[in-house]
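Chains A and B, in that order, are what the protein sequence lines are.
With full-length UniProt numbering, letter number 28 in the first sequence gets 28, and the count goes up by one each step, no holes.
With full-length UniProt numbering, letter number 81 in the second sequence gets 81, and the count goes up by one each step, no holes.
Each residue gets a CB set at the ideal place from its N, CA and C atoms; glycine is no exception.
Remember, it's a predicted structure, so these values are computed and weren't measured experimentally.
Number of protein chains: 2
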Amino acid sequence: MVNVEQVLKDHQIRPTAIRLLMYRFLTESEVALTLNDIESGFDQSERTTLYRTIKTFEKKGLVHQIDDGTGVAKYALDRPVAGKQAEQDLHLHFHCTSCNETLCLTDHKIPHISLPKGFVTEDMNLVIKGVCEKCSGQ
Amino acid sequence: MVNVEQVLKDHQIRPTAIRLLMYRFLTESEVALTLNDIESGFDQSERTTLYRTIKTFEKKGLVHQIDDGTGVAKYALDRPVAGKQAEQDLHLHFHCTSCNETLCLTDHKIPHISLPKGFVTEDMNLVIKGVCEKCSGQ
DNA sequence: AAATAAATGCAATTTAAGTGCATTATTGTC
DNA sequence: GACAATAATGCACTTAAATTGCATTTATTT
C-alpha cells in the first residue's frame with residue numbers, strides 16, 4: 001500500500017482532500033480517463049477544481065495527458081517502471097475503437113527513430129488504434 | 001502539372017469551384033493545415049463549407065487528419081508514395097514546438113509493433129514533438 | 001493568532017467542431 | 001436544352017471541451 005500523501009508531497013503537491021481522492025481514483029483505473037470520467041467518479045465536485053487538479057498533477061509529473069484521436073484529452077497516472085525513470089513517458093497507447101477505452105501499454109516502448117538533419121526530438125507520442133483484447137474476445 | 005479536376009473525379013468527388021481551389025491550396029502547403037489556416041487562405045468563404053469540404057476529402061481518401069497534440073485538428077494531402085499505395089497513412093508526423101508547424105515525414109514509416117495477445121491493430125499514429133530544422137537552425 | 005499564500009467554487013468566456021435547413025448549383029434524363 | 005433529382009453551399013445556431021477571472025475558503029508560515 002502506497003502512502004498517497006507522501007507521493008504528492010514528493011512531487012511538491014500539497015495533499016488536499018480532493019487531490020488525495022483524485023490520486024486514489026486514478027490509481028484504481030486501468031484505463032486513461034477524461035475529465036468527464038473523473039467528474040463522474042466524484043459525488044460533489046467542481047469541474048474546474050478537478051480540471052486544475054489534473055493539470056497540477058500533469059505539471060508536477062504525476063500524470064500524463066493522452067491524445068488518442070477522439071478529440072478529448074485523457075489522463076493516466078505515470079506509473080514508474082521498476083528500475084527506470086524519466087523515459088517512462090515514451091510508452092505507447094492503445095485506443096480501442098470498439099469500447100472507446102484508451103490504455104497505456106507501459107512496457108511497449110516507442111522504438112528509436114532517426115530523423116533528418118536538423119530535427120531535434122523532445123517527445124514522442126504513439127497511439128495505436130484497433131480492438132482491445134476485451135472487445136476482440138480473443 | 002496534375003489535372004486537379006481529374007484527381008477529384010477519380011476519388012468520386014464532384015469538382016466544384018471551392019473544391020478545386022482547396023485542393024490546390026493544400027497542394028501548395030508544405031505543412032499540415034488547420035481549418036483556420038485554410039479559412040485564411042480564401043477571400044470569401046464559408047467556414048462550414050470549408051469544413052465540409054475537408055471532411056469530404058478525408059472520407060474519400062484525399063487528405064488525412066493529424067492530431068498533433070495541440071488540440072486542433074490539422075489536415076494534409078495524401079501524397080502517394082511512388083510505387084506504393086494504401087499503407088501511405090502509416091508515415092509519421094513531426095510537430096515543432098517552436099513554430100507550431102506540423103509536417104508529414106512521408107518516408108519515415110512507423111515501425112511494426114507487436115502487441116499482446118488479443119489486440120488487433122487497425123491504425124497507428126505517431127507524432128514526434130521537438131524542434132524542426134528551420135527552427136533549430138542546424 | 002495574524003499575515004501570507006495557495007486552493008476551491010462558481011460564473012463566464014473562448015474556441016473548435018458539428019448540425020439543420022433553406023437556397024443554389026450540378027448532374028443525369030428526356 | 002429543359003426538367004427533375006441530387007448534391008453542395010451559406011448562414012444561423014448548437015454542442016462540448018478547455019480555460020480564465022475573481023471572490024471565498026482553506027492551509028501554511030511567522
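| Query | Result |
| --- | --- |
| Classification of B/His-112 by the beta-carbon crowding that lies within 10 angstroms, buried from 16 upward | exposed |
| Cβ-Cβ separation, B/Ile-38 to B/Ile-54 (assumed contact under 8 Å), whole Å | 7 Å |
| From A/Phe-119, A/Gln-12 and A/Leu-92, residue whose alpha carbon lies closest to that of B/Leu-105 | A/Phe-119 |
| DSSP bridge partner residues for B/Asn-3 (one or two, in chain order) | Paired residue(s): none; B/Asn-3 is not in a bridge. |
| Within chain A, the residues that B/Phe-94 reaches when beta carbons sit closer than 8 Å | Leu-115 and Phe-119 |
| Under 8 Å between C-beta atoms of A/Thr-97 and A/Val-31 | no |
| Start-to-end residues for the beta strand (DSSP E) that takes in A/Cys-132 | Run containing A/Cys-132: none; DSSP gives neither H nor E here. |
| Any C-beta of chain A under 8 Å from that of B/Leu-126 | yes |
| Where B/Asn-3 falls, given that 16 or more other Cβ within 10 Å makes a residue buried | exposed |
| Proximity winner among A/Lys-117, A/Thr-70 and A/Pro-80, relative to A/Cys-99 (alpha-carbon distances) | A/Thr-70 |
| For A/Thr-16 and B/Leu-35, the rounded distance between their alpha carbons | 41 Å |
| Closest residue to B/Pro-80 among B/Asp-68, B/Leu-92 and B/Leu-62 (Cα-Cα distance) | B/Leu-62 |
| Continuous beta strand (DSSP E) assignments of at least 3 residues falling wholly in the region 48-103 of chain A | 63-66, 74-77 and 91-96 |
| Whole-angstrom distance between B/Ile-13 and A/His-11, CA atom to CA atom | 54 Å |
| Short CB-CB distance (under 8 Å) between B/Lys-129 and chain A | yes |
| Length of the line joining the Cα atoms of B/Ile-128 and A/Ile-110 | 11 Å |
| Cross-chain neighbours of B/Asp-123 in chain A, by beta carbon under 8 Å | Ile-128, Lys-129 and Gly-130 |
| Nearest to B/Glu-58 (by Cα), restricted to the options B/Ala-76, B/Arg-47, B/Asp-43 and B/Val-72 | B/Ala-76 |
| Nearest candidate by alpha-carbon position, reference A/Lys-117, set B/Glu-133, B/His-64, B/His-108 and B/Asp-107 | B/Glu-133 |
| DSSP bridge partner residues for B/Leu-126 (one or two, in chain order) | A/Leu-126 |
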